[in-house]
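Below: the structure, in structure tokens.
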Amino acid sequence: MAKAELNYTMESRIGTKVVLNGKSYLYFGGTSYFQLHSHPEVIKAANDATLQYGIGSATTRALTGTTPLLEKIEMKLASYFNTEDAVYLPSGYLSSLAGLLALDELGLYQVIFLDEDAHYSLAEGAAATGKAVISFQHRNLDDLERLMKKHLGPGQRPLIASDGLFPVMGSLAPIRDYLAITKKYDGVVWIDDAHGVGILGTHGRGTCEALGSSSSRIYLGATLSKAFGAYGGIIVGNRDFIGKIRSGNVITGSSSPMNAAVAAGLKGVELVQENKHLRKKLWENARYMREGLEHMRINIETDFIPEMHGTVPIFSFTHRNEKTMRSIHSYLMKEGIYTQYTNYRGAGSEGIIRVVVSSSHKKVEIVKLTHTLKEAFRSLSS
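Residue numbers for the sequence shown follow the working numbering, so the first one is 2 and each next one is one higher.
Structure representation (structure tokens):
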């Protein structure tokens, strides 16, 4: 998190309007893309599970920590992602660690090639494998191939590790290109799609589905803490792979997750699966927001992929320098609008202003933001 954001205390549920430090704001931040974190059915599911099963089982899944809720959510996830099996973890931060360790145990790679802007959890998960980790320039295929030729020894196979949808700039990994490269070297791809699952693709299966890049060489980890309105990590795939994760240290050494989180996740997945209009509304709002910002000639990050244009709900931009961006951010805050000024990983040294639209935003709220942004820019030149 950026230092600028550490002084905010959320005093309300997530919604298009929130209360921060005692003041109400129109909210264009965070990652609750459908705002299911405040959905009454999700909250009820969490409450009911706690009343029936208690807070948690107080042991690991290697002993008596597997509950009917965990069995149900893993079946639901396998169905949702159309895979043989799935596993639920106590935190999304653990997904890449568990996945990369399992792929190592299966002997599928010897060297990891990591996008330099990959999430902290992916970088730390890669380091924890003990394998060589080579960082390549963000989404730069030429740099990736150059480094592969330099660092892969005879008979060694690569693992390309990347976010699917990068949360700060809203850019997408060129997964089809990664797949083509790994085929040449008999390697595999690991995608942390925490922000893509639920919101991208015809069925909401994420960046890989949206880009038409399904392959047995691609392995996927994510979380239920964004689009699905809950909490916990998820990994989906074939039975052998998921079996390695279930028997690995991350699962056997972790306390079984809180029942409320599992039940909330189960309900969140159901709601996303059964309500395709949520994605359509999100994409509609994303396009409307993009049009408004482009009309202002704000240079937002583009996804470079025509078929994905307008479906990503994240809009980030820089303007002049850090001082100017902080001034814009402060102006918006004074006018009762919260966006994020952040130097989170991938934002660069001077940071960015990050705007996120949800499926719940009304067009009038989006217009309010863009109109106030215009006023903020005007104030800089007055």
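The C-beta atom is built at its ideal place from N, Cα and C for all residues, glycine as well.
Check                                                                                                                                                         : Outcome
Can you tell me the Cβ-Cβ gap for Tyr-179 and Met-149, rounded? I've got them flagged as a contact below 8 angstroms.                                         : Wrong, their Cβ atoms sit about 11 angstroms apart, outside the cutoff.
Can you check the region 72-158 for any beta strand (DSSP E) of at least 3 residues that lies completely inside it and give the ranges in chain order?        : 86-90, 112-116 and 133-137
Straight-line CA distance for Tyr-110 to Leu-101?                                                                                                             : 10 angstroms
Please tell me whether Ile-176 and Arg-280 are closer than 9 angstroms, where the distance is taken between their beta carbons.                               : no
Determine which residues share a DSSP beta bridge with Gly-238 and list them.                                                                                 : Asp-86
Exposed or buried, which one is Ile-246 when buried takes at least 16 other CB atoms within 10 Å?                                                             : buried
Going straight from the alpha carbon of Ser-226 to that of Ser-39, what length do you get?                                                                    : 12 angstroms
Go to Gln-53, then tell me how far its alpha helix (DSSP H) extends in each direction, as first and last residue.                                             : 41-54
If contacts are defined as beta-carbon pairs under 8 angstroms, then Gly-266 and Ile-74 qualify, I think. What distance do you get, rounded to the angstrom?  : 6 angstroms
Verify whether the separation of the beta carbon atoms of Ile-161 and Val-189 is less than 9 angstroms.                                                       : yes
Take His-372 as the anchor and find which of Tyr-121, Gly-337, Pro-159 and Gln-341 has the nearest alpha-carbon.                                              : Gly-337
Once the 5 residues before and after Thr-319 are set aside, which same chain residues still bring their CB inside 6 angstroms of it?                          : Ile-353
Exposed or buried, what is Lys-4 when buried is set at 16 or more other beta-carbons lying within 10 Å of its beta-carbon?                                    : In this predicted model, Lys-4 has a pLDDT of only 44, less than 50, meaning its place in the structure is not dependable enough to derive any value.
Does the beta-carbon of Tyr-232 have 16 or more other beta-carbons within 10 angstroms, so that it is buried, or is it exposed?                               : buried
Among Arg-147, Pro-91, Ser-96 and Arg-298, which has the Cα closest to the Cα of Asn-260?                                                                     : Pro-91
My output table needs one value for Gly-160: the three-state DSSP class, helix, strand or coil.                                                               : Per the sequence shown, residue 160 should be read as Leu rather than Gly. Strand at Leu-160.
Tell me whether Leu-201 sits in a helix, a strand or coil according to DSSP, three-state version.                                                             : coil
Assign Met-11 to buried or exposed, taking buried as 16 or more other Cβ atoms, counted over all protein chains shown, within 10 Å of its Cβ.                 : exposed
From the DSSP output, in three-state form, read off Gln-36 for me.                                                                                            : coil
Leu-221 and Val-237 look like a contact to me (Cβ under 8 angstroms); what is the Cβ gap, rounded to whole Å?                                                 : 6 angstroms
Indicate the three-state DSSP secondary structure (helix, strand or coil) for Ser-328 in the structure shown.                                                 : helix
In the DSSP output, which residue or residues are listed as bridge partners for Val-368?                                                                      : DSSP lists no partner for Val-368.
Rounded to the nearest angstrom, what separates Tyr-34 and Val-198 at their Cα positions?                                                                     : 11 angstroms
Taking Glu-351 as the reference, which of Val-357, Ser-317 and Val-358 has the closest Cα?                                                                    : Ser-317
If contacts are defined as beta-carbon pairs under 8 angstroms, then Arg-169 and Tyr-345 qualify, I think. What distance do you get, rounded to the angstrom? : The amino acid at residue 169 is misidentified as Arg; the sequence shows Val. Their Cβ separation, rounded to whole angstroms, is 5 angstroms, which keeps Val-169 and Tyr-345 in contact under 8 angstroms.
Spell out the partners DSSP gives Tyr-26 in its beta bridges.                                                                                                 : Val-19
Near Ser-361, what residues of its chain come up, given a Cβ to Cβ distance below 6 angstroms and the 5 sequence neighbours on each side ignored?             : Thr-17 and Gln-36
Is Asp-178 helix, strand or coil when you go by DSSP?                                                                                                         : helix
Taking the straight line between their C-alpha atoms, what separation do you get for Val-19 and Arg-321?                                                      : 29 angstroms
Assuming contact is defined by CB atoms lying nearer than 9 angstroms, are Thr-325 and Arg-62 in contact in what I supplied?                                  : no
Would you check if there are 3 or more beta carbon pairs closer than 8 angstroms linking the region 274-288 to the region 113-123?                            : no
Would you mind sorting Ala-228 into buried or exposed? The rule is 16 or more other CB atoms within 10 Å of its CB.                                           : buried
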